[in-house]
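Peer 1: Chains as they are written, first to last, in my numbering: chain X, 1 to 261; chain U, 1001 to 1261.
Number of protein chains: 2
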Amino acid sequence: MGTVSKALELLDLFTRSRPQIGLSELARLSDVNKATCFRLMGELQNHGLVEQVGAAREYRLGPAVLRLAALREAHVPMRDAAMPVLQELARVTGETAHVSVLSGGQLRSIAHAYSGDFGTKVIMDDVHVLPFHATSSGMAVLAHLDAATQAAELKKPLPARTSNTETDPARLAKRLKDIAARGYAESAGGYEAEVHSFAVPLFDSVGACSGGLAVASPRSRVTSEHTRVVLSGLARAGRELTELWGGSLPPAIDDKWRALA
Amino acid sequence: MGTVSKALELLDLFTRSRPQIGLSELARLSDVNKATCFRLMGELQNHGLVEQVGAAREYRLGPAVLRLAALREAHVPMRDAAMPVLQELARVTGETAHVSVLSGGQLRSIAHAYSGDFGTKVIMDDVHVLPFHATSSGMAVLAHLDAATQAAELKKPLPARTSNTETDPARLAKRLKDIAARGYAESAGGYEAEVHSFAVPLFDSVGACSGGLAVASPRSRVTSEHTRVVLSGLARAGRELTELWGGSLPPAIDDKWRALA
DNA sequence: CAGAGGTGGTTTATTATTCGAACCGACGGT
DNA sequence: ACCGTCGGTTCGAATAATAAACCACCTCTG
């Protein structure tokens, strides 16, 4: 693996639940030698991506990330545009909603919104790369990608995240066909055992699938009425978001989503 | 220079005015070999920091920067807290306001706000590292740092950005003493020839200087009345922001700022 | 108080990784 | 057909990253 990748993996160790990390722990978590770690962090620090703070000289993300994000938003205002739609979707469903985009062959979560309705909710804080085979967003997106990418993805290993994860390529292929026919995907505990989620694909200006929009609930709250509300919310929000991002719904999807509303 | 630094410098080439860059141009701008550039961008892309888009396969900042920024804000909500204060400061002065923080020995701009009052305004979009000797923020901060850091900074080269930049260490040292005595700094075209700016230092919880707050105007609008408004605005906003960030004003500064209001 | 085990940071020779020049095929205008 | 550019690739040479040992310091604990 390249040096840069190692440095970036160090960055990915920072999460909501672990926002500051000392040098030794960083080395331990990343399986990178402490000296190497030290140098890499030094370089990251010189560019403001991380900073050291406090007497323990622990590292945390630095101010430069704000600049980069502001720049990205100024040029591709996806997140800002998505936020209100996402919050409304969380509100009407009473569940956690999140949106992800396809980038470099990976599906990345870029924003999420929680509902205040229940004491229990699905926490998305520290998820960033969504596996195609184990999440509803992933399957929704994969099902609407071209056959070649789909086949390529099916050839990769399909690690089981839970006992409900679909790990058989043939069965997964069948499920994808099904999803494409319906216009939405469902995952019953394939990512986290207790999490049930539904997702719809999102499309760019040339009608190619570019991301996914999902609602995730604790399994216990899933009923047929709940599912109806979630699906109709997803269809509406999916249509709105696709439009906001300057995309266009393929007519086939448009029809299927009309039926959900 | 380390490989990681090279990669991060590539990231810094993306600006508001140049948000998408092709491989060849990237190599040209960065003085990095095209092959190297390609590999580095590939690694950045694998982590979502950049993505390729369109038929020309141009690069732009990717969705992962959003995640990092959201993480930083969740843990250190500086920018979000600063934004309203900054906007109010821009409003009352009618000029561009910006705030910067000290990180890893550099002063980095983390947010700015424009006023709608005038047709001409100072544009801060693509500034991110502020030189200590050539900006009012830089001098305000440096003047309130400990003597050792100050001396170290004075020993470094002081490149002239304009004909008005202070490049003589001795004269700069004298100016810094002056600034510390007044509690604010002034830069008359030291960074951009036509830009006149005032700045105040900001302080952390132990009373150490941790950043700067500045108002920048076109030179032509500077009058004594204008200066009075700007300084009183800076004093008020500086006090507010220091408090918001959980810092405490040194009593000496507090006195001086009272006189400005 | 001594020492064990933790911290952040530094140094070393060894080695694996990165580098850059040249090259490739594709595209778009002369 | 030529030219210039594009994104991307190759390969030997050379640079830069590596891991382990070491330091100074701190805080527990026996």
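All C-beta atoms, glycine included, are put in the ideal place defined by N, C-alpha and C.
(1) Are any of the Cβ atoms in chain X nearer than 7 Å to that of U:T1096?
(2) Taking a contact to mean a Cβ-Cβ separation below 7 Å, would you say U:R1108 touches U:A1134 in this structure?
(3) Residues of chain X with a CB under 8 Å from the CB of U:V1101: which are they?
(4) Can you list the residues of chain U that X:S5 reaches, using a CB-CB cut of under 8 Å?
(5) Let me know if X:S197 comes out buried or exposed under the rule of 16 or more other beta-carbons within 10 Å of its beta-carbon.
(6) Whose C-beta lies closer than 8 Å to the C-beta of U:M1083 among residues of the same chain, with five residues either side of it excluded?
(7) Would you mind reading off the limits of the beta strand (DSSP E) that contains U:E1192?
(8) Quick one: what's X:T15 bridged to in DSSP?
(9) In chain order, what residues of the same chain have a beta carbon less than 6 Å from the beta carbon of U:A1235, not counting five sequence neighbours either side?
(10) Do X:L44 and X:L29 come within 7 Å of each other at the CB atom, strictly closer than that value?
(11) Can you pull the chain X neighbours of U:G1079, defined as C-beta to C-beta under 7 Å?
(12) For a quick check, are the C-beta atoms of U:E1194 and U:R1219 less than 7 Å apart?
(13) Give the secondary structure of X:R161 by DSSP, where H, G and I count as helix, E and B as strand, and everything else as coil.
(14) Does any CB atom of chain U fall closer than 7 Å to the CB of X:E243?
(15) Please specify which runs of the beta strand (DSSP E), each continuous and at least 3 residues long, are wholly inside the stretch 19-58 of chain X, giving them in chain order.
(16) Helix, strand or coil for X:G211, going by three-state DSSP, please let me know.
(17) So for U:A1134, helix, strand or coil by DSSP?
(18) Please list the segments of the beta strand (DSSP E) lying wholly inside the stretch 1059-1129 of chain U, counting only runs of 3 or more residues, in order along the chain.
(19) Could you tell me which chain X residues have their CB closer than 9 Å to the CB of U:N1075, listed as they occur along the chain?
(20) Look at the alpha carbon of U:S1181 and the alpha carbon of U:Q1020, and state the distance between them as a whole number of angstroms.
(21) So which residues on chain U does X:E51 lean against when the C-beta distance must stay under 8 Å?
(22) Does the stretch 83-93 of chain X come close enough to the stretch 1084-1095 of chain U to have 3 or more Cβ pairs within less than 8 Å?
(23) Quick check: the Cα distance between X:G54 and U:D1204, rounded to an integer number of angstroms?
(24) Look at the alpha carbon of U:H1047 and the alpha carbon of X:V101, and state the distance between them as a whole number of angstroms.
(25) Report the neighbours of X:R72 on chain U: residues whose CB is nearer than 7 Å to its CB, in chain order.
(26) Thinking just about the alpha-carbon of each residue, which of X:M124, X:I123, X:V200 is nearest to the one in X:V141?
(27) Is the shortest distance between the beta-carbon of X:H128 and the beta-carbons of chain U less than 7 Å?
(28) Inspect the CB distances between the stretch 214-231 of chain X and the stretch 1023-1042 of chain U and report whether three or more fall short of 8 Å.
(29) Below 7 Å CB to CB, which residues in the same chain sit around X:D126 once its five sequence neighbours on both sides are set aside?
(30) For U:L1249, which residues of its own chain have a beta-carbon under 7 Å away from its beta-carbon, when the five flanking residues on both sides are left out?
(31) Mind checking which residues open and close the alpha helix (DSSP H) that includes U:A1152?
(32) So what's U:A1235 in DSSP terms, helix, strand or just coil?
(33) What are the residues in the stretch 201-220 of chain X lying within 8 Å of chain U by C-beta distance?
(34) Give the C-beta separation of U:V1065 and X:L10 to the nearest angstrom, bearing in mind that I take them to be a contact with Cβ-Cβ under 8 Å.
(35) Using a Cβ cut-off of 7 Å (strictly closer), state whether X:G2 contacts chain U.
(36) List the endpoints of the continuous alpha helix (DSSP H) containing U:D1255.
Peer 2: The relevant details are as follows:
(1) Here the question's residue 1096 of chain U lines up with position 96 in the second sequence. No - not a single Cβ of chain X is within 7 Å of the one on U:T1096.
(2) Position 108 of the second sequence, counted from the first residue, corresponds to residue 1108 of chain U. Position 134 of the second sequence, counted from the first residue, corresponds to residue 1134 of chain U. Taking 7 Å as the Cβ cut-off, U:R1108 and U:A1134 do not qualify as a contacting pair.
(3) Your numbering for residue 1101 of chain U matches position 101 in the second sequence. Per Cβ cutoff of 8 Å: P63.
(4) Taking the first residue of the first sequence as position 1, residue 5 of chain X is located at position 5. Within chain U, the residues near X:S5 are E1043, N1046, H1047.
(5) As a working mapping, residue 197 of chain X is identified with position 197 in the first sequence. With 16 or more Cβ atoms within 10 Å of its Cβ, X:S197 is classed as buried.
(6) To locate residue 1083 of chain U, count along the second sequence from 1; it is residue 83. Correct list, in chain order: A1111, A1113.
(7) Position 192 of the second sequence, counted from the first residue, corresponds to residue 1192 of chain U. Careful: U:E1192 lies outside any beta strand (DSSP E) and carries neither H nor E.
(8) For the purposes of this step, residue 15 of chain X is taken as the residue at position 15 of the first sequence. X:R18, per the DSSP bridge assignment.
(9) If you number the second sequence from 1, residue 1235 of chain U lands on position 235. If we look at U:A1235 and ignore the five residues flanking it on each side, its Cβ neighbours are W1257, L1260, A1261.
(10) Taking the first sequence and counting its residues from 1, one reaches residue 29 of chain X at position 29. Taking the first sequence and counting its residues from 1, one reaches residue 44 of chain X at position 44. Taking 7 Å as the Cβ cut-off, X:L29 and X:L44 do not qualify as a contacting pair.
(11) In the second sequence, counting from the first residue as 1, residue 1079 of chain U sits at position 79. The question names Gly, but residue 1079 of chain U is Arg in the sequence shown. Those within 7 Å of U:R1079 in chain X are L66.
(12) Indexing the second sequence from 1 puts residue 1194 of chain U at position 194. Indexing the second sequence from 1 puts residue 1219 of chain U at position 219. In contact: U:E1194 and U:R1219 (Cβ atoms closer than 7 Å).
(13) Working through the first sequence from its first residue, we reach residue 161 of chain X at position 161. Coil at X:R161, not helix or strand.
(14) Mapped onto the first sequence, residue 243 of chain X falls at position 243. Chain U contact via Cβ: absent.
(15) 50-53
(16) To locate residue 211 of chain X, count along the first sequence from 1; it is residue 211. Residue state, collapsed to three classes: strand.
(17) On the second sequence, position 134 is the one that residue 1134 of chain U refers to. Three-state DSSP puts U:A1134 in coil, outside helix and strand.
(18) 1096-1103, 1106-1113
(19) Residue mapping note: residue 1075 of chain U aligns to position 75 of the second sequence, counting from 1. Looking at the sequence provided, one finds His at residue 1075 of chain U rather than Asn. By Cβ distance, chain X contributes F14, R16, P19, Q20, R60, L61.
(20) Within the second sequence, residue 1181 of chain U is the residue found at index 181, counting from 1. Within the second sequence, residue 1020 of chain U is the residue found at index 20, counting from 1. Contrary to the premise, residue 1181 of chain U reads as Ala rather than Ser in this sequence. Rounded to the nearest angstrom, the two C-alpha atoms are 46 Å apart.
(21) Taking the first residue of the first sequence as position 1, residue 51 of chain X is located at position 51. Neighbours of X:E51 on chain U, chain order: S1103, G1104.
(22) no
(23) By one-based count along the first sequence, residue 54 of chain X stands at place 54. By one-based count along the second sequence, residue 1204 of chain U stands at place 204. Each residue's Cα considered, the two are about 12 Å apart.
(24) Along the second sequence, read from residue 1 onward, the residue named residue 1047 of chain U stands at position 47. Along the first sequence, read from residue 1 onward, the residue named residue 101 of chain X stands at position 101. So the two alpha carbons sit approximately 13 Å from each other.
(25) As a position in the first sequence, residue 72 of chain X is number 72, starting the count at 1. In chain order: L1061, V1065, L1066.
(26) Counted from its first residue, the first sequence places residue 141 of chain X at position 141. Nearest option by C-alpha distance: X:V200.
(27) For this step, residue 128 of chain X is matched to residue 128 along the first sequence. Closer than 7 Å to some Cβ of chain U, the Cβ of X:H128 qualifies, so yes.
(28) no
(29) If you number the first sequence from 1, residue 126 of chain X lands on position 126. Contacts found: T15, R16, S17.
(30) Locating residue 1249 of chain U in the second sequence gives position 249, counting from the first residue. Excluding positions up to five away in sequence, the list reads F1203, R1239, T1242.
(31) Reading the second sequence from its first residue, position 152 is the one you call residue 1152 of chain U. Where U:A1152 is concerned, the enclosing alpha helix (DSSP H) stretches over 1147-1155.
(32) Start at 1 with the first residue of the second sequence, and residue 1235 of chain U comes out as number 235. Here U:A1235 sits in helix by DSSP.
(33) none
(34) By 1-based counting over the second sequence, the position of residue 1065 of chain U is 65. By 1-based counting over the first sequence, the position of residue 10 of chain X is 10. With a Cβ gap of about 16 Å, U:V1065 and X:L10 do not count as contacting.
(35) Reading the first sequence from its first residue, position 2 is the one you call residue 2 of chain X. Closer than 7 Å: yes.
(36) Within the second sequence, the letter at position 255 stands for residue 1255 of chain U. Element bounds for U:D1255: 1251-1260.
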